[in-house]
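Engineer:
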Amino acid sequence: MKINLTVNGHAVALDVAPHRTLGDVLRNDLGLTGVREGCSTGDCGACTVLFNGTPIVSCLMLIPDAEGASVVTIEGLTKDGRPDPMQAAFVEKGAVQCGFCIPGMILASKAEDVPEGNLCRCTGYKKIQEAIREERRRTRPQA
Amino acid sequence: MREFRYEEPRSVDEAIALLAKPGRNRVMAGGTDLLVRLKRREWTVDTVINLKRIPGLRGIEDRKDHVFVGALTHLDEIGRSELLASRWPFLRETVHEMGSPQVRAMSTVGGNLCNASPAADMAPPLLCLDAVMVARGPLGERTVPLTAFFAGPGKTVLAPGEILTGIRIPPAPAKGCFIKFCTRRAMDLAFVSVAAAKVGSDVRLALGAVAPTPIRVPPSVEEAVKRCSPIDDVRASAEYRREIVRVLVRRALAKVAP
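Protein chains in written order, with the numbering used here: chain A, 18 to 160; chain B, 12 to 269.
1. I want to verify the contact list: residues of chain D whose CB lies under 7 Å from the CB of A:T58, in sequence order.
2. Under a three-way DSSP split, which group does B:S204 fall into?
3. According to the neighbour-count rule (16 or more other Cβ atoms, all chains shown, within 10 Å of its Cβ), is A:K143 buried or exposed?
4. Measure the alpha-carbon distance for B:C188 versus A:P81 and round it to whole angstroms.
5. Please give the ranges of any alpha helix (DSSP H) in the segment 16-45 of chain B, keeping only runs that are unbroken, at least 4 residues long and fully inside the region.
6. Where B:D141 and B:P181 are concerned, what is the direct C-alpha to C-alpha distance, given to the nearest angstrom?
7. Helix, strand or coil, according to DSSP, for A:P72 in the structure here?
8. Give every residue of the same chain whose Cβ lies closer than 6 Å to the Cβ of A:C137, excluding the five residues on either side of it in the sequence, and list them in chain order.
9. Can B:G8 and B:L68 be called in contact, C-beta distance under 7 Å?
10. At 8 Å on the CB atoms, spell out the chain A contacts of B:K63, in chain order.
11. By a C-beta neighbour count over all protein chains shown, 10 Å radius and 16 as the cutoff for buried, is B:P269 buried or exposed?
12. Anything in chain B within Cβ reach of A:P35, meaning under 7 Å, just list it in chain order.
13. Can you tell me which of B:L45, B:V155 and B:V256 puts its alpha carbon nearest to the alpha carbon of B:V145?
14. Would B:E108 pass as an interface residue toward chain A - the criterion being a Cβ-Cβ separation below 7 Å?
15. B:L62 to A:V108, Cα distance in whole Å?
16. Mind checking if B:P66 is an interface residue toward chain A, Cβ cutoff 7 Å exclusive?
17. Taking the alpha-carbon positions, what's the B:S118 to A:G59 distance?
18. Quick check: the Cα distance between B:A31 and A:R37, rounded to an integer number of angstroms?
19. Can you tell me the Cα-Cα spacing of B:R21 and B:G163, whole angstroms?
20. Who are the Cβ neighbours of A:I149 in its own chain at under 6 Å, not counting the five residues just before and after it?
21. Give me the subset of the segment 116-132 of chain B whose CB atoms are less than 8 Å from a CB atom of chain A, sorted by chain position.
22. Does the contact criterion of 3 or more C-beta pairs under 8 Å hold for the segment 25-40 of chain B versus the segment 49-63 of chain B?
23. Name the two residues that bound the continuous beta strand (DSSP E) containing A:V29.
24. The ligand MG and A:G141: does the residue's C-beta get closer than 6 Å to at least one heavy atom of that ligand?
25. How far does the alpha helix (DSSP H) with B:K237 in it extend, from its first residue to its last?
26. Please report how far the alpha carbon of B:R195 lies from the alpha carbon of A:G134, in whole angstroms.
27. Going by the DSSP bridge assignment, what does B:V221 pair with across the sheet?
28. My assumption, with CB atoms under 8 Å, is that A:L31 sits in contact with A:D41. Please give the rounded CB distance.
29. Could you give the residue range of the beta strand (DSSP E) that holds A:N21?
30. Label B:K75 either buried or exposed according to how many other C-beta atoms from any shown protein chain fall within 10 Å of its C-beta, with 16 as the threshold for buried.
31. According to DSSP, simplified to helix, strand and coil, what is A:I91?
What follows is the structure, given as C-alpha cells:
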C-alpha cells in the first residue's frame with residue numbers, strides 16, 4: 018500500500034506491504050541502519066525512533082500507522098555533520114561499548130531522564146547515565 | 012510476520028462488519044501485544060482490522076455521571092490526564108509501572124483489558140473503581156461491569172464480533188494505591204499486583220496475577236489470601252505468591268484505610 022511520511026526531515030513516499038513494521042522499512046528499505054532490530058518484541062528498545070517527537074519501539078508499529086507521521090532516527094540527529102549534544106555527551110563519557118543499543122538509548126533519552134525501556138548488555142549503564150546527566154547539566158542549567 | 016490482509020475502518024460499524032466476514036479476523040488497537048503474538052506465531056490471522064482511524068475511540072472525557080475513557084486511549088495519555096489524576100491519582104502510578112515509556116506511548120487501555128491477561132495491570136485499579144465496559148457488536152451496544160468482563164486467561168465475555176469502545180468510571184473520587192511485585196522496573200509482568208481504593212467510606216481491594224483473571228476480593232488480608240488461587244510457574248511458586256499477597260494487601264490497606 019502507498020504510505021507517505023517524513024523521515025529525518027525528508028518527505029518519503031513508499032509502496033510497501035501492510036504487514037511490515039516501521040522499523041523493518043526504515044532499516045531495510047531506507048537503509049537507516051541505526052534502527053537496530055534486537056528482540057523485535059518491544060523489550061530491548063534498540064529500534065527506538067522518535068515518532069512525532071515521542072520515542073516508540075518501531076518493531077511494534079505496522080507501517081500503515083506511520084502514514085502522515087514525522088519520524089526521526091539516529092541518523093536524523095546529526096546536523097551538518099555535527100553530533101547532537103546527547104550524541105556528543107555519549108562519546109565524551111565513553112558511554113559506548115559494542116554500540117548496538119546506543120541509537121535507541123540516545124533517542125529514548127531525548128524524552129526520559131533515565132531510559133527504562135532500553136537494554137544494554139555491555140556497559141552496566143553507569144557511563145550511559147553519566148552521559149545523560151552531563152547533557153542535561155549543559156542543556157538545562159539550573160537557575 | 013506472515014502476510015495478512017489489512018483494513019482501516021473509519022467507523023465502529025464498519026469494523027464490526029469487517030470482523031463478521033469469514034476468516035480469522037482480529038482487531039488491532041495499539042498493536043503491542045498483537046504484533047508480538049503474530050511474530051511468535053502464537054496467533055495466525057487472515058485480516059488485521061486496525062481501529063486507530065476510527066474517530067471517538069480515543070480520549071478521556073468528563074460526562075458528569077461518569078468519566079469516559081476511550082478504548083484506544085494510550086497508556087501514557089492515562090498517565091498524563093489531569094482529569095484522571097485529580098480524582099484517582101493512583102491510575103497514574105499504575106501506568107508508570109507498565110511496559111516502558113516507548114510501549115506506553117503505543118499501547119492502549121482497551122488492549123490491556125481485552126487481552127485479558129491475569130496480570131493485566133490496568134485491571135486491579137479499575138476493578139476497585141467499579142469500571143463498566145462499553146462494547147458494541149452486531150446486536151448493538153451493551154455494558155458489562157469489569158467484575159464480570161474476564162472469563163479466563165486470555166478470554167473475555169465479549170461475543171465474536173463485539174468491540175470494546177470504552178470504559179466508564181463512576182465519578183466519585185478515591186484515594187487508592189497500586190502495588191506491583193516484579194523483578195525489574197520496566198517491561199516485566201507482575202508476580203502479584205494489588206490495588207486498593209477508598210471511595211467514600213467503602214474500602215475496595217483487587218488482585219492481579221494470582222487467579223485465572225484479575226479479581227475483586229473483600230478488603231481483608233484473610234479474605235484476599237483465601238480467595239486467590241495462584242499457580243506455580245517459571246516466575247514464582249504459588250506458595251510464594253500467596254505470601255506476597257498477604258504482605259502487599261496489608262500494605263495496600265494500610266495506605267488507603269489507615
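Every residue gets a Cβ at the ideal spot worked out from N, C-alpha and C, and that includes glycine. Because the structure is a prediction, the values reported are computed rather than measured.
Structural biologist: So, from the listed chains and residues:
1. Given the protein chain composition of this structure (A and B), no chain D is represented.
2. strand
3. exposed
4. 38 Å
5. 23-31
6. 7 Å
7. strand
8. C118
9. No statement about residue 8 of chain B is possible, as the shown extent of chain B runs from 12 to 269 and does not include it.
10. D82
11. exposed
12. Y17
13. B:V155
14. no
15. 42 Å
16. no
17. 11 Å
18. 25 Å
19. 31 Å
20. S126
21. A116 and M117
22. yes
23. H27 to D32
24. Looking at this structure, you won't find the ligand MG or any other ligand, since it has none at all.
25. V232 to R238
26. 11 Å
27. Answer by DSSP bridge pairing: none, since B:V221 is not bridged.
28. The Cβ separation is near 12 Å, so there is no contact.
29. K19 to V24
30. exposed
31. helix
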